[in-house]
Structures are given as C-alpha cells and as structure tokens.
Amino acid sequence: MISSSSSTLLPKTLLSLLKKPKTIPRILQIHAVSITSALFFDPSFAARLLFAVSELSPTSPAYAETVFSQIPRPDTFSYNTIIRIHAHCGNPLKAIHFFALMRKNGIFGDNYTYPFVLKACGSMLGCKVGVLIHGEVIKRGFDEDLFVRNGLISCYCKNGEYGLGRKLFDGFVARDLVSWNSMIAGYVDYGDMEEAQNLFDEMPERDPYSWTILIDGYGKKVGDVDRARKLFDKMPKRDLVCWNSMIDGYTSCGKMDQARELFESMPERNVISWSILIDGYAQHGNPKEALDLFQQMLHQGTKPDKVSAVGAITACTQMGALDQGRWLHFYLKKKKILFDVVVQTALIDMYMKCGSLDLASDVFDSMCERSVVTWNVMIVGLGSNGCGRLALEIFHKMERERAPMDDLTFLGVLTACTHTGLVSEGLEIFERMKSEFGIEPKVEHYGALVDLLGRTGRLREARNVIGKMPMKPTSALWGSLLAACRTHKCVELAELSVEQLAKLGADDSGVYVLLSNIYAGEGMWDDVWRIRKLMKTGGMRKEIGRSAVEVDGTVHEFIYGDSSHPFMQEIYAVLQDLSNSVVSTR
DNA sequence: CAAGGAGCAG
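Structure below.
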C-alpha cells in the first residue's frame, strides 16, 4: 500500500517506488510534492523519472516532456527515452525534434537511438529523412546492428520504397525473424501479396507476427477473406492479435455472421476485439446490434476505450437514438473515459443528427481543441437542422481563428446556405473557396451550387454552372436540376435533364415520376400518359419511401402507405398541423 | 542503471 504522504519522501525512496510501472500513476499523484523537491535536489532524478514515465501505458508525452526539461544535462539515454516516447505515441515530428536537439548539443546517439528515429520516419516523415538516417547509420558504424537494419527495412517499406528495403534485406549476412516479418509487411503494405507469400513460404521459421501480417493482408488489402481464413486455420499457435485480425477481415468485407462466430469462439478477448465487432456492426447498418454488444462488453467487465466509445456513439447517431446517446455521454463522463477530439466530435455529430442542437453546441463550446472534422460536423449539423445562419456564423468563426478547412467544410456551408435560401452568401463563399482558401471545387461543390441556384428558381444559372464546370457532370447534378425544375415549373430544362440522365443510364423510376409530375402541373396530359406508358413497359416501379425515429428508447419505423402504427391518427394530426403552419409562414 | 526493429480497432 502506498501511504499518503505528510512528510517528503527522499529521491531514493521515490525511485524504488517507481520500479513498478503499474503503481506509477498513483505515485505521481500522491507524491507530487516529493517529486517536485526531488527534481530540485537530485540532478539524476529527472532522468530516472523520465524512464519510469516511459514505461507507463498509456504514456503521457506532455508530462514526459516536462520531466525531460528538468534534466540538467541530458545524456544519450535520456534523449533515447524521450525520442522513444514520441515515436511510440505517434508524434514523429517531436521525435525528430528531440533527435535534432540531441545532435545540436553534441551528442550523436548510439545504436539504440536509430530504431526509434527510423520508426518516426517510417510513420509519416517520408523516406528522404530515412535515406539521410541511413547515411548516418553507416557513418557511425551501426549498420551491423540487426535492430537498426530492420528498422531501416521497415522505414523504406512504409514509404513505398520496398525495392530499397529488399536490397538491404538481400544483403544481410544474418537475418532474424523480424527481418523477414518487416520485409513481408513491406510487400503487404504495397499490395504485392504474391511476393509476400513467396517470402513467407521461404521463411525458416514463423511466429504469430508472420502469420498475422499475411492474414491481415489477404483480409483487408485484397479482400480475399477466405484465403485469410485458410491461413488462420493452418496456424500452429494463435494469439489474440491474430484472432482480432481475422475478425477484422470479416467485418471489413461485411461478413458479420462469420465475424460474430469467430468472436464467440475466441479463447480470450480484449477491448480491441469488442471494438472491431462493434464498429463492424455500426458500419454495416446494424447499429442496434452494435449497441447491444457495447452493453454486453460493459456487463462482462471490459472497460471501453475511446475507439469502442466512438463506435457506440456512431451507432446511436445512425439510429437517431438520442436517449441512449445521452446515457452514453453521461456514462463516459462518469467512468472518466478520455474525452479527446474524436470522441467529442462523434458526440456533436450524434446530437446534431438527433436534432439536439443545444447539447451539440454545449459539447462544441467545451472543447479546447478542435479538428477540421469537428467544425465540419458542426456546420453540416446546423445546416441540416435548418439553421443556415448559425452554420455561417461557425464558418466565420473558423475564418477568424484561422482553423484549417477542407473541401467538406465548403460543401457543408454551401448546403447550409441552400437549405436556408442564403443564395448570395453561398455564391460568395463558392467564389472565395478557390481564390482565398486555395481549395479546388469538386463535382460535389458544383452540385451544391446547382442546388443553391435551382431551389431559388435561378434555373438558367444552375444550368450554366453544369455547362461550364471543368469536369464531367454526374447524374446527381442533372437530378438536382430536374428537382428544381419540378418546383419552379420549367419543362424545357426538365426534358434536357432527363435526356442527360438517360445518357448516363441513371433514369430510374424517380426521374420519370418527377418528369410526369412536371407535365401534369403544366396540364400536358399527353406527355404524362406517354411517360407512364414508358415506365410500365420499362418495368419500373416506384420505390417505397421509409424512415425511422427513436422515441423513449424504442425505434419506430414508418413505411409509405403503411398505417399500422398505434398512434397513426395522432401522427397525421400533427403532420397536418405542421404543414398548415409551414404554409402560413410562407 | 535502465532501452530498440515486425502484426489487430478509428
């Protein structure tokens, strides 16, 4: 038991306590005062503490940096430790930064340094830095070290230079399992399963890593999940990771039954196994099952992490299940699941799609860090809830804060403008999109522009947008022009749209229904009958419209023409009321 | 006086 400290502990005592990684978080908390004074009095204490922090899982890079800054004259070991932490936590730039700092201070590192640095290069910095490091490795005589050499292979392979990796691999006098595995992973990453399989067959011995690389490759890279399964069944010794990988192979191609079967027969599971399945159900249109599974996971005593939490939130979003979403939000807060940008963004999206603008805004306002996705979700959410002005406000806030934007930001703003009829504002932003923000409009943006103009009756301009856009117009573009023609009664452009849709092979029943409605509206009955006949001979049928909503935890489904819902009368009364009030506000 | 390279969820 760690006693709560009234007196200050000596650095030596603290260090002996820090030997057990599991208790470190508590020690950091309880003995914060002692640690501060130890940092002050014992010059080597910070270095030891830094190492202790690096052993934590999850590590806190921010805390590690604070500790690092307390080290008076960091040696190679301390630099290695801070570089390792950052490389491991996915901060490659930071890792390289400390590598550079080390060099600046006249320390050149040892053969322990390079594998960390190479990992950082491999993950995102590109192999140009890798090539530089390679030169450095040779210069310092570390090129005989297998750890370093394997690090180089993986760095090259992860940057698409698998040829360079292979050259290194072939030149090895000695290889170990990791050399083989790194090379095979390189081929799999590149999508060359044949070469990967060849190497795999040539291997003198294999471990679960080797098998998993191939299973994962067949399952996700090439979608040959049956081949992956054959390998899986042949494996002599299976570990947790390869089970998860196999399950993920099934979920990523939508074979949820097989995934579930495998999941049920697992000897042990971790939070990743649950997350894979939860997310799989959420991604493949079975959010109810995803939520059930999430509950099962809690029941079974597995603590959810950020990933599984996001999966469950997404499932709520898809079902429009506000109550369950709110409960989840509350639960995550209570259990102190880390709230990062991704989780919070998922919550905003959920609240928006459930129509709860206030709760969404609460989360948004409480965030100290926001990603592009966060802003986008906010803008899209406000727009689709009919608050175009508010969406524009968020966009302008983004501008003021110089937050990075992407194409989805603009798509969101344009759509928001369309829904609220803010034509001039939308046009202005479309103009500035390329000139000021340097973002090239895609087909979707032109589509939004056509919608924006079309819905307010500026059909000629909408048609000109389609005519002048730099890429080939898609069927969706003609479709929205057609829809606009229906609202604003323009037979000529409607016929043109249908003609173009037919050329693109996108003339489904809905298209002809629209056209015949337009004819009917203009009293052109001959044309109406012509279209109806055309539809009948073409074997087309109107698709049935349906929607679903959650109330008090129950999901209600509505199908066009179906009157089996117990509250049908009341529902229609409300609808009548709503349409009356819409008419009166116009 | 401690440490490194390869595989699974977003």
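All residue numbers for the first sequence refer to the UniProt record's numbering, where the first residue is 1 and numbers rise by one. Where is the CB? At the ideal position from N, CA and C, for every residue including glycine. Remember, predicted model here, so these are calculated numbers, not experimental data.
Please give me, in chain order, every unbroken run of the alpha helix (DSSP H) with length at least 4 that falls completely inside the stretch 198-257. 208-216, 225-234, 240-252
In the stretch 305-362, which residue ranges form an unbroken alpha helix (DSSP H) of at least 4 residues, counting only runs that do not cross its ends? 306-319, 322-334, 341-353
Under 8 Å, do residue 79 and residue 107 count as touching if we go by C-beta distance? Taking the first sequence and counting its residues from 1, one reaches residue 79 at position 79. Taking the first sequence and counting its residues from 1, one reaches residue 107 at position 107. Yes; because the gap between Cβ atoms is below 8 Å, this pair is in contact.
Please classify residue 34 as buried or exposed, where buried requires at least 16 other C-beta atoms within 10 Å of its C-beta. Taking the first sequence and counting its residues from 1, one reaches residue 34 at position 34. By the neighbour-count rule (16 or more Cβ atoms within 10 Å), residue 34 is buried.
In this structure, does DSSP put residue 63 in helix, strand or coil? Here residue 63 refers to the residue found at position 63 when the first sequence is read from its first residue. If DSSP states are grouped into helix, strand and coil, residue 63 belongs with the helices.
By Cβ distance, which residues of its chain are closer than 7 Å to residue 328, with the 5 residues on each side in sequence left out? Mapped onto the first sequence, residue 328 falls at position 328. 312, 313, 316, listed in sequence order.
Going by C-alpha distance, which of 276, 288, 330, 336 is nearest residue 303? Here residue 303 refers to the residue found at position 303 of the first sequence. Taking only the C-alpha atoms, the option nearest residue 303 is 336.
From residue 38 to residue 15, what distance separates their C-alpha atoms? Here the question's residue 38 lines up with position 38 in the first sequence. Here the question's residue 15 lines up with position 15 in the first sequence. Rounded to the nearest angstrom, the two C-alpha atoms are 10 Å apart.
Count the other CB atoms, across all protein chains shown, that sit within 10 Å of the CB of residue 428; report buried if there are 16 or more and exposed otherwise. Here residue 428 is taken as the residue at index 428 of the first sequence, counted from 1. Exposed, because fewer than 16 other Cβ atoms sit within 10 Å of the Cβ of residue 428.
Go ahead and pull the three-state DSSP assignment for residue 173. In the first sequence, counting from the first residue as 1, residue 173 sits at position 173. It is coil, neither helix nor strand.
For residue 114, which option in 254, 441, 145 has the closest C-alpha, if you only look at C-alpha atoms? Along the first sequence, read from residue 1 onward, the residue named residue 114 stands at position 114. Per the Cα distances, 145.
What did DSSP end up calling residue 567 once you bin it into helix, strand or coil? If you number the first sequence from 1, residue 567 lands on position 567. Three-state result, residue 567: coil.
Beta-carbon gap between residue 58 and residue 86 smaller than 8 Å: Mapped onto the first sequence, residue 58 falls at position 58. Mapped onto the first sequence, residue 86 falls at position 86. Not in contact: residue 58 and residue 86 (Cβ atoms no closer than 8 Å).
Which two residues bound the contiguous alpha helix (DSSP H) that contains residue 535? The count along the first sequence starts at 1 and reaches residue 535 at position 535. 525-537 is the span of the alpha helix (DSSP H), which, as asked, contains residue 535.
Cα separation between residue 354 and residue 344? For the purposes of this step, residue 354 is taken as residue 354 along the first sequence, with counting starting at 1. For the purposes of this step, residue 344 is taken as residue 344 along the first sequence, with counting starting at 1. Using only the alpha carbons, I get a separation of about 15 Å.
Between which two residues does the alpha helix (DSSP H) harbouring residue 417 extend? Along the first sequence, one-based indexing puts residue 417 at 417. First-last of the alpha helix (DSSP H) with residue 417: 407-420.
Please classify residue 18 as buried or exposed, where buried requires at least 16 neighbouring CB atoms within 10 angstroms. Here residue 18 refers to the residue found at position 18 of the first sequence. By the 10 Å Cβ count, residue 18 comes out buried.
How should residue 138 be labelled, buried or exposed, when 16 other C-beta atoms within 10 angstroms of its C-beta is the threshold for buried? Numbered from its first residue, the first sequence carries residue 138 at position 138. By the neighbour-count rule (16 or more Cβ atoms within 10 Å), residue 138 is not buried but exposed.
Cβ-based burial, residue 463 [other Cβ within 10 Å; buried from 16]: Locating residue 463 in the first sequence gives position 463, counting from the first residue. The residue is buried, with at least 16 neighbouring Cβ atoms inside 10 Å.
Helix or strand or just coil, what does DSSP make of residue 284? Within the first sequence, the letter at position 284 stands for residue 284. If DSSP states are grouped into helix, strand and coil, residue 284 belongs with coil.
Among 20, 382, 433, the one whose alpha carbon lies nearest that of residue 416: One-based indexing of the first sequence puts residue 416 at position 416. Closest option to residue 416, Cα to Cα, is 382.
Taking DSSP as the reference, what is the three-state secondary structure of residue 20? Indexing the first sequence from 1 puts residue 20 at position 20. Reduced to three states, the DSSP call for residue 20 is coil.
Could you give the distance in angstroms between the alpha-carbon of residue 110 and the alpha-carbon of residue 121? Looking up residue 110 in the first sequence gives position 110. Looking up residue 121 in the first sequence gives position 121. So the alpha carbons of these two residues sit roughly 17 Å apart.
Alpha-carbon spacing of residue 432 relative to residue 438, whole angstroms: On the first sequence, position 432 is the one that residue 432 refers to. On the first sequence, position 438 is the one that residue 438 refers to. So the two alpha carbons sit approximately 9 Å from each other.
Distance between beta carbons of residue 348 and residue 330, contact taken as under 8 Å: Locating residue 330 in the first sequence gives position 330, where the first residue counts as 1. Locating residue 348 in the first sequence gives position 348, where the first residue counts as 1. No, residue 330 and residue 348 are not in contact; Cβ-Cβ is about 16 Å, not under 8 Å.
Given that a residue counts as buried once 16 or more other Cβ atoms are within 10 Å of its Cβ, and exposed if not, what is residue 310? Translated into the one-based positions of the first sequence, residue 310 becomes position 310. Under this definition residue 310 is a buried residue.
Between the alpha carbons of residue 293 and residue 226, how many angstroms are there, rounded? Stepping through the first sequence from its first residue, residue 293 is reached at position 293. Stepping through the first sequence from its first residue, residue 226 is reached at position 226. Computed Cα separation, rounded: 25 Å.
Reducing DSSP to helix, strand and coil, say where residue 91 ends up. Translated into positions along the first sequence, residue 91 becomes position 91. Correct three-state label for residue 91: coil.
Given 8 Å as the limit, is there contact between the stretch 205-217 and the stretch 230-249, that is, 3 or more CB pairs closer than that? yes
Length of the line joining the Cα atoms of residue 448 and residue 203: Residue 448 sits at position 448 when you count from the first residue of the first sequence. Residue 203 sits at position 203 when you count from the first residue of the first sequence. Near 55 Å, if we compare the C-alpha coordinates of residue 203 and residue 448.
Could you give the residue range of the alpha helix (DSSP H) that holds residue 442? Translated into the one-based positions of the first sequence, residue 442 becomes position 442. No alpha helix (DSSP H) contains residue 442, which DSSP labels as neither H nor E.
Tell me which same chain residues have a C-beta within less than 8 Å of the C-beta of residue 50, skipping the five on either side of it? Here the question's residue 50 lines up with position 50 in the first sequence. Excluding positions up to five away in sequence, the list reads 64, 67, 68, 71, 78, 81, 82.
Any idea what DSSP makes of residue 31, helix, strand or coil? The residue labelled residue 31 in the question sits at position 31 within the first sequence. If DSSP states are grouped into helix, strand and coil, residue 31 belongs with coil.
Which residues in the same chain have their Cβ closer than 8 Å to the Cβ of residue 422, if we skip the five residues on either side of it in sequence? Indexing the first sequence from 1 puts residue 422 at position 422. Same-chain partners within the cutoff: 388, 389, 392, 416.
Quick one, are the C-beta atoms of residue 256 and residue 217 less than 8 Å apart? Residue numbering aside, residue 256 sits at position 256 when the first sequence is read from its first letter. Residue numbering aside, residue 217 sits at position 217 when the first sequence is read from its first letter. It is not a contact, given that the beta carbons lie outside the stated cut-off.
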